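Below: one structure, written as structure tokens.
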Amino acid sequence: MFNNPIIRRYQYSQFRPQQFWTFGTLYTALVLLILFINTSLFHATNQFDSKQELYQALFIQFAVLQLLIAWIILPFNGSNVIPREIADRSYDFFRMLPLPAWQKTTGIIIGRNLFGWVIALINLVFFTYFAYAADITINLILQFLLTITCVTMVFNCAGLLLSQMTTKKGKPTSNIALVIVVFVFFGPFIGGMSEMLESDKLENARIWFGNNQIPALILVSGYTLITAIWMFIGNGRRFNREFEPLFSRPGEYIFSICYLIQVFLVMYHYLYDGYEDREESIQIYYFVTVLPMLFIPFLSVRSVDTYLEITRLHPPGKGLLSKVFLHSNFYSSLCLFVLWGISAGIVTLTGNYAIDDFWLILILLLPSYVVFIGLVELFTIYIIKNEKIGFLLVFLGALYLFLPLILAALFESEELLRFSPIGRFFKLEKMYQPDQIIPVLLVDLVFLIPILILIFRNYSAIAEIRGLLESIAQKKANQSNSTV
């Protein structure tokens, strides 16, 4: 691992004497202070009734320190690495290295915080020792270690991914916000963890997964590990394809299917095994599974240049417009909606739910979603013509979402709520009649038709440009052949 040139590059700066003695002394002093305060309270006051309570308090405090290092400080450093390298004009070093993307990712995550990882490992020894001394079961200790490891992987991969996606060119900002977060959550975390340990809630917590109940920490660890793997892959894609979207087309579909399966397995018991409130369960399933459709389109946006590139080898003439559409952001987002619709439809049919509810939600959700992805696509198409177009599109989106809510409050009319994608689901049970649904769809069409016209007009323009370019290239080739 230490043959990685990125780790070796950071090794000299991480272990230089000034940093080693400064932060090593700071951590040592903090550990001694924790031990001194707790042992003094044990011997001089009645704060602890037994050594077990003392060890439990020390375990919780070292747990907080471990989470502070592994979940906050290390990811925060990783989130600044690319802007810092760009500001120091040394980022080309990473681009020129003949290393696979996974080695670059590993090199930065480990190397950038090499000294921090050493401190985290040392602190983990204290954490484990005091957990064992506090009579916490080996099983629970292992679950703690697994959860901390998996969540640490997620946060550090997320920090580096955020660093790669940022456009900031300057030096990192100060750590004031980090200090505020630590002080705000330090007390409540200690109190909550103490209560769960004393009542054995944490060890006995179980979550349904399929037909079985498994320890909550094991399930959290498994899901966070899957998330870490996806983020690790995303970091590698950013290194290999810096100017392309985070998700490839197959990647966004595979991610969506993986997400749907994970949610289904967690909710399986509540959907099928005699749970008393199945209607509420299916509504929660609809809502949770629809979430990826709202953020994946932003992470898989292709530019107009990509549209021109993917049609480069297509012969001029018929079919060019359809090829642009099939490779567009608009089409891929519609495919995501189809995946969600198939998943929700299968759960609805196999769970013996009212199919009318599903069709009603589908009819009300589809136009709103098309408006949403249409605004995203308009931004993609028009950004090369007008850099400020985003402000107008955000205003239109806010108007579509919130104007009916504002008018409903002003005129004290609940009927106006159904014209907003947000408010209509609060009135869902009253919208089964056609006279309730048709006006809503008409309002959606008022927004949707101009958006679709503008999108396909620009698709046609892209097809014409590509056809013209291919015709010019073909004429030049013919002229060259005739000359020869």
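Heads up: the sequence shown is residues 21 to 504, going by my numbering.
Where is the CB? At the ideal position from N, CA and C, for every residue including glycine.
It should be emphasised that the depicted structure is a prediction, and the values quoted were computed from it without experimental measurement.
- Beta-carbon spacing of Cys457, Ile383 below 8 angstroms: As written in the sequence, residue 457 is Ile, which differs from the Cys given in the question. Yes, the Cβ-Cβ distance between Ile457 and Ile383 is below 8 angstroms.
- Task: Please state if the CB of Leu165 and the CB of Glu223 are separated by a distance shorter than 8 angstroms.
- Result: no
- Item | Per DSSP, cross-strand counterpart(s) of Thr228 | First, the amino acid is wrong: residue 228 is Trp here, not Thr. Answer by DSSP bridge pairing, in chain order: Gln233.
- Query: In whole angstroms, what separates the C-alpha of Trp91 from that of Val171?
  - Reply: 7 angstroms
- Query: Going by C-alpha distance, which of Leu94, Phe40 and Tyr75 is nearest Ile57?
  - Reply: Tyr75
- Query: Looking at C-beta atoms only, is the number of pairs between the segment 126-142 and the segment 35-45 that lie closer than 8 angstroms three or more?
  - Reply: yes
- Query: Going by Cα to Cα distance, which pick from Pro312, Ser268, Phe259 and Tyr149 is closest to Val283?
  - Reply: Pro312
- Should Cys355 and Phe252 be called a contact, given that it needs their Cβ atoms to be closer than 8 angstroms? no
- Query: Using CA coordinates, which residue listed in Val466, Arg477, Glu435 and Asn260 is at the minimum distance from Pro120?
  - Reply: Asn260
- Task: Check each candidate in Glu300, Phe307, Arg269 and Pro25 and name the one with the smallest Cα separation from Leu346.
- Result: Arg269
- Have a look at Tyr479 and Ala225 and give me their C-alpha separation to the nearest angstrom. 54 angstroms
- On the three-state DSSP scale, how would you describe Gly339? coil
- Message: Check for me: the alpha helix (DSSP H) holding Thr148 runs from which residue to which?
- Response: Leu134 to Ala153
- Query: Using a Cβ-Cβ cut-off of 8 angstroms (strictly less than) and excluding sequence neighbours within five positions of Asn195, which residues of its own chain qualify?
  - Reply: With a pLDDT of only 48 at Asn195, under 50, the local geometry of the prediction cannot be trusted, and the value read off the model is given with reservation. Phe96.
- Does the beta-carbon distance from Thr331 to Arg477 come in below 8 angstroms? no
- Query: According to the neighbour-count rule (16 or more other Cβ atoms, all chains shown, within 10 Å of its Cβ), is Lys191 buried or exposed?
  - Reply: The predicted model places Lys191 with a pLDDT of 48, which falls under 50 and marks its position as unreliable, so this point remains unresolved.
- In angstroms, rounded to a whole number, what distance separates the CA positions of Tyr292 and Gly371? 6 angstroms
- Message: Quick check: Leu395 and Leu413, are their CB atoms within less than 8 angstroms of each other?
- Response: yes
- Local conformation of His347 per DSSP, three classes: coil
- Task: Figure out for me which residue from Gly127, Pro424, Asn66 and Tyr47 has the closest Cα to the Cα of Asp464.
- Result: Pro424
- In chain order, which alpha helix (DSSP H) runs of at least 4 residues are fully inside the segment 362-407? 375-402
- Query: Alpha carbon to alpha carbon, how far is Phe62 from Lys71?
  - Reply: 8 angstroms
- Query: If you run the structure through DSSP and keep just helix, strand and coil, what is Asn24?
  - Reply: coil
- Minimum C-alpha distance to Leu437 - residue among Gly417, Val460 and Leu416: Val460
- Grab the span of the alpha helix (DSSP H) containing Arg104 for me, first residue to last. Val101 to Ala107
- Whose CA, out of Glu264, Arg258, His289 and Trp250, lies closest to the CA of Ser276? Trp250
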